[in-house]
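Participant:
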Amino acid sequence: MSTATATKPAVAAAPTSGKKLTPEQIEAFGKELDDLRARIVADLGEKDADYIRDIVAKQKKLELTGRALLWAGWFPPAFVGGVAALSLSKIIDNMEIGHNIMHGQYDFMNDPAYTSKNFDWDNTIHADSWLYTHNYIHHTFTNIYGKDHDAEGYGVMRMSEEQPWHPIWLLNPVFCGLLQTFFQWGTAIQEFETEKVFKGERTLADLKPAFARFKEKALKQALKDYVLFPALSGPGAPFTFAGNALANLTRNLWASSVIWCGHFPEDVEIFTVAETEDESHAEWYYRQIRGSANFTGSKTVDMLSGNLSHQIEHHLFPDIPAYRYKEISVEVKALCEKYGVPYHQDTMVNQLLSVYKKVYKLSLPDSFWTKSK
Amino acid sequence: MSLIAQRLTSSALARRVLNSSFAAALTTPHGVDRYVEMIDPLWSSTEIRAEVTEVERKTADSVTLTLRPNSLFNGFKAGQFVKLSVEIDGIRRTRCYSPANSQFRRDGQIELTIKVDPNGLVSPWLLANAKPGMIVQVSQAQGEFFIPLPHPRSILLISGGSGITPVMSMLRTLTERAYIGKVTFLHYSFTEDDVIYRKEIAEIEEKYEGIRIIRAYTNADNGDLQGFFSREHLVAADKHFAEAETFLCGPMPLMDGVRAVFEAEGISDRLHLEQFAAPTRTVATDEATGTLTFGASEVEVENNGQTILEQAEAAGLTPDYGCRIGICNTCVFKKDSGTTRNVLTGEIDSDEDVNIKTCISAPCGDVSIAL
Ligand code: FES
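Residue numbers (this note's numbering), protein chains in the order written: chain R, 13 to 385; chain X, 221 to 591.
1) Rounded to the nearest angstrom, what separates Cys584 of chain X and Arg479 of chain X at their Cα positions?
2) Anything in the stretch 305–337 of chain X with a Cβ closer than 9 Å to a Cβ of chain R? List those residues in chain order, please.
3) Starting from Ser128 of chain R, find everything on chain A with Cβ-Cβ shorter than 9 Å and list it in chain order.
4) Only counting the same chain, and skipping five residues up and downstream in sequence, which positions put a Cβ closer than 7 Å to that of Met13 of chain R?
5) At a cut-off of 6 Å, is Cys348 of chain R close to the ligand FES when judged by its beta-carbon and the heavy atoms of the ligand?
6) I'd like to know whether the C-beta of Thr284 of chain R is nearer than 7 Å to at least one C-beta of chain X.
7) Can you say whether Arg561 of chain X is buried or exposed, counting buried as having 16 or more other CB atoms within 10 angstroms of its CB?
8) What residues of chain R sit near Met354 of chain X, judged by a beta carbon separation below 9 Å?
9) Helix or strand or just coil, what does DSSP make of Ala280 of chain X?
10) Under the three-state reduction of DSSP, which class applies to Cys584 of chain X: helix, strand or coil?
11) What is the chain-ordered set of residues for which the beta carbon lies under 5 Å from any non-hydrogen atom of the ligand FES?
12) Can you give me the start and stop residues for the alpha helix (DSSP H) that Cys386 of chain R sits inside?
13) Between the C-alpha atoms of Arg392 of chain X and Asn321 of chain X, what's the straight-line distance to the nearest angstrom?
14) How many angstroms separate the CA atom of Lys227 of chain R from the CA atom of Trp272 of chain R?
15) I need the DSSP call for Ser570 of chain X, collapsed to helix, strand or coil.
16) Can you tell me which of the three DSSP states Pro499 of chain X falls into?
17) Can you pull the DSSP bridge partners for Asp358 of chain R?
18) Per DSSP, what kind of secondary structure is Pro659 of chain X in: helix, strand or coil?
19) Do Ala508 of chain X and Val519 of chain X come within 7 Å of each other at the CB atom, strictly closer than that value?
20) Look at the Cβ atom of Asp160 of chain R, then the Cβ atom of Trp133 of chain R, and state whether they are nearer than 7 Å.
21) Do we get a CB-CB distance below 7 Å when we pair Thr248 of chain X with the residues of chain R?
22) Is it buried or exposed for Met169 of chain R, if we count other Cβ within 10 angstroms and need 16 for buried?
23) Contact criterion: CB-CB distance below 7 Å. Does Ala532 of chain X meet it with respect to chain R?
24) In terms of residues, what are the limits of the alpha helix (DSSP H) holding Lys236 of chain R?
25) Below 7 Å CB to CB, which residues in the same chain sit around Lys350 of chain R once its five sequence neighbours on both sides are set aside?
26) Starting from the C-beta of Arg501 of chain X, find all residues in its chain whose C-beta is less than 7 Å away, skip the five residues before and the five after it, and write them out in chain order.
27) Using a Cβ-Cβ cut-off of 7 Å (strictly less than) and excluding sequence neighbours within five positions of Asp586 of chain X, which residues of its own chain qualify?
28) On the CB-based measure, 16 or more other CB atoms within 10 Å of its CB, does Ala398 of chain X come out buried or exposed?
29) Taking Tyr144 of chain R as the reference, give the member of X:Cys551, X:Cys579, X:Ala350 with the closest Cα.
30) Compare the beta carbon distance of Ile355 of chain X and Pro261 of chain X with 7 Å and say whether it is the shorter of the two.
31) Between the stretch 309–328 of chain X and the stretch 383–392 of chain X, are three or more C-beta pairs nearer than 8 Å?
32) Using a Cβ-Cβ cutoff of less than 6 Å, which residues in the same chain neighbour Trp83 of chain R once the five nearest sequence positions on both sides are dropped?
33) Since Cys469 of chain X sits in a beta bridge, which residues does DSSP pair it with?
34) Looking at chain X, which residues of the stretch 240–266 of chain R have a Cβ within less than 9 Å of any of its Cβ atoms?
35) Just to confirm, is the Cβ distance from Phe307 of chain R to Met360 of chain R under 7 Å?
36) Cα separation between Asp279 of chain R and Val367 of chain R?
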């Protein structure tokens, strides 16, 4: 075992995670972030309301265009155009609109149509289930192995060294590919934590309420995309069916890629339950930054990723309108530099390469590579 | 375009189609409204939206809006109020106003007169910005302040300042329905120029013999009465006030004055009133005061200064929560009234009808929450 370790280079070293800050430094750092937050919150208003309404207006037009074109899907250009428009519609609906509204970023408007509690998205995961798995669990316990289910590869991938190796993880790349392909279904049943049922930690009865939510939402989504709209196309039904499936697939691949870039790149840190116990508000900030990663890209990429290209800022301020993260990032980066906090950022391609490297690396037994800690 | 669209969407057939479960299934999860409003901004199957059709500035410090609500609005009884919501700088603000028109107005529109509070937010904004074509939201009519059926034989209406609006609606409704009893209307204002419905009142006075109007001015001596309300004023207005049913709406001092006289006479049960408390602008203090009301559970507790979530749990309720540090939104509930303080930032929120995170909000004084 040890011989294998010796022959592998130390690929998993975390070069950017410098020395840890002292408790006083962390508190001072947190205070500066609080001040930054207060400044942005005080500035929220018409500009932000106009922004989200404008995005929604565009998304609706894309959606209607997509559905209309696919209605004539037997005509190849209409099929291609329809898939493109509907894919974009679903991506924007999920990323820049749904994800962000459901975080309460636009709650300040007091408009029921833009309120986190009322909103639901064009996706098979039930809004309530999402609010629990994502807004609560993932955002509170970000990258704490044992608490953040996302950090456990959604229960179907091995994404952390903390997770013991098992021969089944030889299929890690396959699982990753499957999860990306069926991402909306994966997140829709994430709440079940099915792997815990196999391990005997949960019973089937525990899944009942989650299953009811899944059934309610997923059935409606499937009915719309795979029965009603195809049926409305009459003889063109197969084209509409295929077009809708392709649009869902495009969205799945894109959304999962964006999310993979946010927490799975190799230099992003994973935390233990013990080291994060009794964490202060400032320490929570500190962990959010070390446990997230940004990617660079154009304005369009920012929008299509729901501004999760600024995952770090999103994790610091999950309820501030996401299109503001870009302007906020300038200050966050400066603060990180000042305090010596690692700020993970790279191009989207590099971040994805780093993730896939990790997927392959962790599929192998630990003895094939060197541990990073 | 939008008018044609509105004709179309409000036709019976269109309503049937748009409200069908088939339309809902096609537009899931967003619902039909989100798409129909692209051609008809008044359309909604859940929200009463209204178009401002007319804006009039009857006095220097008031603005009168005429609104055409969509078909969800069920009408009102003269004297009741609606909650009007407008968006100011991207934030929806809600205030209560009483329609001033007859409840039988044929075109179904409602008329709201808004007195401008220079320290307020919504009223100065409306004075400056309201214009025809604007879309606003209104609630269904609310309140117990209306003339009961069958109508009493003698009615005394008393109002002061902008409290004239519900009373004006009563007056207009009674005249329009050819009410045969006796109506006396005693109205207080600073001067003649401050009477918001001066012209309309004069017209009614001329047209209907059974209606007596008494104008009382507190800052001028050319009225029927001078100064503030007193028993003498009451007698001068209607000697037989004790036999009438009295409807009162106005500022606090007037309300208190009338209430005291009616109590002394032992006829408080004949006095009906509508109170428009100005929105409380409480300053946060460290002392915990007031009552915290959980509206949906019908539970009340003395505010102990803790967060609303903690106080709810202490009262035996089990509201949803997640992170308890203000990031996940699980603990959001609607605040019906009162002022809260964000315990993380110290920010004060006095708005009504807004969603708040109960895990990081503590009440300042009386707060009512839909939990
Ligand atoms: S419990 Fe998470 S925001 Fe209140």
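Glycine included, C-beta positions come from ideal geometry on N, C-alpha and C. Since this is a predicted model, take the numbers as computed values, not measurements.
Facilitator: With the given structure in hand:
1) 29 Å
2) Ser305, Glu307, Ile308, Asp309, Gly310, Ile311, Arg312, Arg313, Thr314
3) The structure shown contains no chain A; its protein chains are R and X.
4) Model confidence at Met13 of chain R stands at a pLDDT of 35, short of 50, so the residue's coordinates are unreliable; what they give is reported in the following sentence. If we look at Met13 of chain R and ignore the five residues flanking it on each side, its Cβ neighbours are Ser379.
5) no
6) no
7) buried
8) What Met354 of chain X touches in chain R: nothing, since even the nearest Cβ is about 15 Å away.
9) coil
10) strand
11) X:Tyr541, X:Gly542, X:Cys543, X:Arg544, X:Gly546, X:Cys548, X:Thr550, X:Cys551, X:Lys577, X:Cys579
12) Residue 386 of chain R is absent from the model: chain R starts at 13 and stops at 385.
13) 6 Å
14) 27 Å
15) coil
16) Because the pLDDT of Pro499 of chain X is 44, which lies under 50, any placement of that residue in the model is unreliable, and the number read from its coordinates should be weighed accordingly. Coil.
17) R:Phe307
18) Any question about residue 659 of chain X goes unanswered here, given that chain X covers just 221 to 591.
19) no
20) no
21) yes
22) buried
23) no
24) Unbroken run through Lys236 of chain R: none, as it is neither H nor E.
25) none
26) Note on Arg501 of chain X: pLDDT 45, under 50, position unreliable in the model; the coordinate value appears next. Excluding sequence neighbours, Arg501 of chain X sits near Ser570.
27) Gly510, Thr511, Gly558
28) exposed
29) X:Cys551
30) yes
31) yes
32) Ser245
33) X:Ser379, X:Glu494
34) Leu240, Phe241, Leu244
35) yes
36) 10 Å
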